[in-house]
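Before any comments, here is the structure.
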Amino acid sequence: MTSRSNDDSLNDARGGSDPDSPAEAVIEHTAGTANDPAPDQAAAAAPDSALSPSQQIAAALKRERLRAGLSLSEVARRAGIGKSTMSGLETGSGNPSLETMWALAAALDIPLARLLDPPPHEVAFQHVGDMPSLPSTTANYVATLLSPSPTNARRDVYFIQAEPGEPRESQPHPQGTIEHVILGRGAARIEVLGKSYDLGVGDYLTHPGDQPHRFTALEPGTNAVFVVESS
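Counting from 1 along the sequence shown, just add 1 to a position and that's the residue number in the working numbering.
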């Protein structure tokens with residue numbers, strides 16, 4: 002591995018959501034609405050393998066909301082999004098950004114991967130276009146969940162595609178989170194703990210994910226694999 006470090010400063014905010022953290026709110030559990038099916042019924046309404054990526058997100062979002070015992074409007078309030086936006090996401094008609102999904106995961110107090118979880122199989126093969134991908138609204142940056150954390154581990158694997166331009170700013174994840182980055186194509190700069198590291202193809206970097214960090218693509222067509230471990 003080769004990495005080059007230079008002093009730099011980072012601008013970011015508190016963790017739990019990424020990058021637009023919803024305001025802290027008093028937790029208020031509700032039973033949902035009379036038309037909401039039980040969580041198990043919602044999950045069983047259609048097999049995950051038959052769903053499009055947006056429908057997978059919709060099913061997972063409704064499942065987790067009902068499991069938490071929260072109304073649609075309460076989750077929207079916590080995440081800082083409109084109720085109509087939340088409703089559209091639950092029906093599969095919305096097109097959520099990475100920032101919106103991080104805010105919803107924080108509002109539900111769950112890992113982001115739980116809202117992008119593909120169907121489990123002993124052998125899993127998926128074409129990249131069939132997997133849920135979330136574009137950033139602040140940078141030319143797309144995150145695709147490759148492998149969610151199994152029940153006996155705490156790690157998620159993402160495929161990142163990025164283009165030169167605005168950096169992708171990440172707020173701190175929950176305490177104890179560690180990120181591993183392997184660059185597959187192009188070149189990128191990662192800034193964390195006041196230093197910057199320039200990665201080339203095959204370079205590997207691990208850093209604390211519970212600190213503010215920034216990813217910048219330096220060449221067109223840059224991609225990388227991120228492994229996120231949480232304690």
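Where is the CB? At the ideal position from N, CA and C, for every residue including glycine. The structure presented is a predicted model; accordingly, all values stated were derived computationally and were not measured.
- Message: Relative to the C-alpha of ALA61, which candidate in ALA188, ILE82, LEU113 has its C-alpha closest?
- Response: Checking every option, the nearest Cα to that of ALA61 belongs to LEU113.
- Span separating the alpha-carbon of SER139 from that of GLU167: Sequence check: residue 139 is Thr here, not Ser. Roughly 7 Å between the two C-alpha positions.
- Message: Using the Cβ count rule (16 or more neighbours within 10 Å means buried), how would you classify THR217?
- Response: buried
- Query: Since ALA114 sits in a beta bridge, which residues does DSSP pair it with?
  - Reply: Residue pairing for ALA114: DSSP places it in no beta bridge.
- Message: Suppose contacts are defined by Cβ-Cβ distances below 7 Å. Is ASP211 in contact with PRO149 by that definition?
- Response: Contact flag unset, no.
- Message: In this structure, how does DSSP classify GLU220 when only helix, strand and coil are distinguished?
- Response: coil
- So ALA163 is in the alpha helix (DSSP H); what residue range does that whole segment cover? First-last for ALA163: 156–163, but that is the beta strand (DSSP E), not the alpha helix (DSSP H).
- Item | Identified DSSP bridge partners for VAL226 | PHE160, ILE183
- Task: Measuring alpha carbon to alpha carbon, tell me which of ARG190, THR178, SER137 ends up nearest ASN96.
- Result: SER137
- Query: Buried or exposed: which applies to THR92, given that a residue is buried once 16 or more other Cβ atoms fall within 10 Å of its Cβ?
  - Reply: By the 16-neighbour rule on beta-carbons within 10 angstroms, THR92 is exposed.
- For the beta strand (DSSP E) holding SER148, just list the boundary residues, first then last. Run containing SER148: 142–148, per the beta strand (DSSP E) assignment.
- Item | Beta carbon of THR178 nearer than 7 Å to that of SER231 | Yes, these two residues count as a Cβ contact at 7 Å.
- Task: Rank ALA144, GLY70, GLU75, ARG68 by C-alpha distance to the C-alpha of MET102 and give the top, closest one.
- Result: ALA144
- Considering only C-alpha positions, which residue in the set ASP199, HIS208, PHE160 is nearest to GLN176? HIS208
- Message: Looking at the secondary structure, which residues open and close the alpha helix (DSSP H) in which PRO54 lies?
- Response: Note, PRO54: alpha helix (DSSP H), 54–69.
- Message: Does LEU194 come out as helix, strand or coil in the three-state DSSP assignment?
- Response: coil
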